[in-house]
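Engineer: For the sequence shown, the numbering used here assigns the number 18 to the initial residue and increments by one for each residue that follows.
Using N, Cα and C, we set each Cβ at its ideal position, and we do this for glycine too.
None of these values were measured; they are calculated from a predicted model.
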Amino acid sequence: MNISSNSVVALTYELHTTNEEGQQVFVEKADEQNPLVFLYGVGMMLPKFEEHLTGLKTGDEYSFELSAADGYGELDPGAFADLPKSMFTEAGGEVPAVGDVIPLQDNQGNQFRAGVTAVHDETVAVDLNHPMAGKNLMFAGTILNVREATQDELAHGHAHGADGHSGH
Numbered sequence: 018m019n020i021s022s023n024s025v026v027a028l029t030y031e032l033h034t035t036n037e038e039g040q041q042v043f044v045e046k047a048d049e050q051n052p053l054v055f056l057y058g059v060g061m062m063l064p065k066f067e068e069h070l071t072g073l074k075t076g077d078e079y080s081f082e083l084s085a086a087d088g089y090g091e092l093d094p095g096a097f098a099d100l101p102k103s104m105f106t107e108a109g110g111e112v113p114a115v116g117d118v119i120p121l122q123d124n125q126g127n128q129f130r131a132g133v134t135a136v137h138d139e140t141v142a143v144d145l146n147h148p149m150a151g152k153n154l155m156f157a158g159t160i161l162n163v164r165e166a167t168q169d170e171l172a173h174g175h176a177h178g179a180d181g182h183s184g185h
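#1: Pull the bridge partners of N19 from the DSSP assignment, please.
#2: Report the rounded CA-to-CA distance for E165 versus F55, giving the unit in angstroms.
#3: What residue does the beta strand (DSSP E) around L53 start on, and which one ends it?
#4: Taking DSSP as the reference, what is the three-state secondary structure of Q122?
#5: Which one of F97, E78, V42, S21 has the shortest CA to CA distance from E68?
#6: Assuming Q128 is part of the alpha helix (DSSP H), what are its boundary residues?
#7: When you compare the region 102-122 with the region 140-156, are there three or more beta-carbon pairs, one atom per stretch, that lie closer than 8 Å?
#8: Rounded to whole angstroms, what's the CA-CA distance from A108 to G58? Just pull it up for me.
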């Protein structure tokens with residue numbers, strides 16, 4: 018079976034990006050013991066990632082690069098904020114350190130993460146961009162399995178494991 022809408026895909030991948038010097042940097046991987054399993058075509062994955070997998074079948078190998086624009090977008094220079102330190106200390110919490118990733122919530126209840134870029138006397142500076150924003154993404158891996166989605170998976174909008182039985 019070839020990868021198409023409403024199929025469940027299990028695959029391995031290695032993800033690399035490049036640093037400021039143009040050298041490849043390993044980011045993460047999914048191997049045969051812990052593959053990435055997803056319902057294809059329902060918006061769970063980056064659209065261009067899925068586009069590159071369209072038509073592949075079990076055993077096929079793939080390798081492609083997504084531009085920053087096709088991945089998590091370009092860096093938004095306006096997506097930085099200074100948060101008051103009191104926001105962290107009022108409830109007895111600790112001020113986060115540079116490099117920490119902290120959970121935040123906007124006024125509409127949407128949850129997201131921000132990276133701490135600096136800690137000042139009264140504020141904590143955070144980057145609200147996705148950690149992979151502004152970076153090209155290089156994927157390489159193998160398609161382990163392609164199967165039709167079950168009715169439960171289609172109704173729930175996500176895969177229930179490589180075999181369809183690891184659901185809830």
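Structural biologist: Straight from the coordinates:
#1: Residue mapping note: residue 19 aligns to position 2 of the sequence shown, counting from 1. In DSSP, N19 forms a bridge with K74.
#2: Translated into the one-based positions of the sequence shown, residue 165 becomes position 148. Translated into the one-based positions of the sequence shown, residue 55 becomes position 38. So the alpha carbons of these two residues sit roughly 12 Å apart.
#3: As a working mapping, residue 53 is identified with position 36 in the sequence shown. Per DSSP, L53 belongs to the beta strand (DSSP E) from 53-56.
#4: Here residue 122 refers to the residue found at position 105 when the sequence shown is read from its first residue. Three-state DSSP puts Q122 in a strand.
#5: Walking along the sequence shown from the start, residue 68 turns up at place 51. Checked all of F97, E78, V42, S21; the closest Cα to E68 is S21.
#6: By 1-based counting over the sequence shown, the position of residue 128 is 111. Taken as a continuous stretch (DSSP letters only), Q128 belongs to no alpha helix (DSSP H), being part of the beta strand (DSSP E) at 128-136.
#7: yes
#8: Taking the first residue of the sequence shown as 1, we reach residue 108 at position 91. Taking the first residue of the sequence shown as 1, we reach residue 58 at position 41. Whole-angstrom Cα-Cα distance: 43 Å.
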